[in-house]
Amino acid sequence: MTSFNPSFIRTLSDTRSMIDFESDLNSINTINTKIKELDSINNNTLMQHRSRLTQLTNQLETVKTTIEQLKSSPKVQATKTSLITLENEIFQIANNLTQLAMDISSLKFKHKENINKLDELENNLQELKESNYIDNTMGIGRSSGGDSASISEKSKIIKLKLYESLGLKLNFDKGEVLILNKQANKTNVVKIDDSYSEYFISNLVWDNL
């Protein structure tokens with residue numbers, strides 16, 4: 001029978017105990033659901049902007065038609081004020097159209113980013129599930145020490161990849177999590193304290209993403 005160095009067994013056990021797969025999988029599934037919800041909201045907002053764009057375009061055509069009718073009227077001077085008002089409305093509508101076009105372009109970009117991020121998370125989640133399944137199936141007693149350590153190390157690497165894809169940087173030495181919020185162009189630092197529950201920390205991290 002193969003004997004293992006007690007120090008190695010203890011180190012391996014400590015490494016495995018640091019990884020709470022069930023909690024991690026629940027957290028990842030929660031993140032996955034949140035991204036899908038954001039994607040649905042972006043789609044709805046995009047549809048609303050498109051509807052508003054069509055409405056403003058129709059209004060613009062109506063205003064242009066009205067201006068042409070006023071210009072052809074013999075009472076041009078009497079309607080000068082109305083013409084100025086209508087032209088100001090055209091200018092404002094044109095600005096709104098430009099802003100809406102920019103918003104739609106931004107939403108499309110964010111939508112694509114969310115899709116890519118969702119695909120990446122789903123792939124990493126699958127890798128983590130497979131790694132967890134292999135780890136639980138093989139067990140320490142049925143695998144060599146090197147294989148178990150390799151599986152645990154791979155699981156940690158996959159988790160770190162997941163965190164980094166969400167904009168998180170882990171500083172184990174200081175017990176901190178750096179949260180990079182690209183949309184707000186800012187970085188927040190969250191202290192990981194044992195006095196805080198995992199639920200509280202998860203919500204705090206999510207709110208700052």
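Sequence positions in the sequence shown follow our numbering and run 1 to 209.
Even glycine gets a Cβ: it sits at the ideal position worked out from N, Cα and C.
Nearest candidate by alpha-carbon position, reference residue i, set the options
| i | options | result |
| --- | --- | --- |
| ARG52 | ILE84, LYS80, LEU100 and ALA94 | LEU100 |
| ASN96 | GLU176, ASN26, HIS111 and ARG50 | ARG50 |
| MET112 | ASN26, ILE35 and LEU25 | One detail in the question is off: residue 112 reads as Lys in this sequence, not Met. Among ASN26, ILE35 and LEU25, the Cα nearest to that of LYS112 is on ILE35. |
| THR57 | ILE115, SER72, THR98 and MET47 | THR98 |
| LEU46 | SER72, MET102, GLU176 and ASN123 | MET102 |
| LYS110 | SER40, GLN126 and LEU178 | SER40 |
Cβ-Cβ distance between residue i and residue j below 9 Å
| i | j | result |
| --- | --- | --- |
| LEU118 | ASN32 | yes |
| LEU86 | THR66 | yes |
| LEU121 | ASN42 | no |
| ILE84 | VAL63 | no |
| ILE104 | LEU60 | no |
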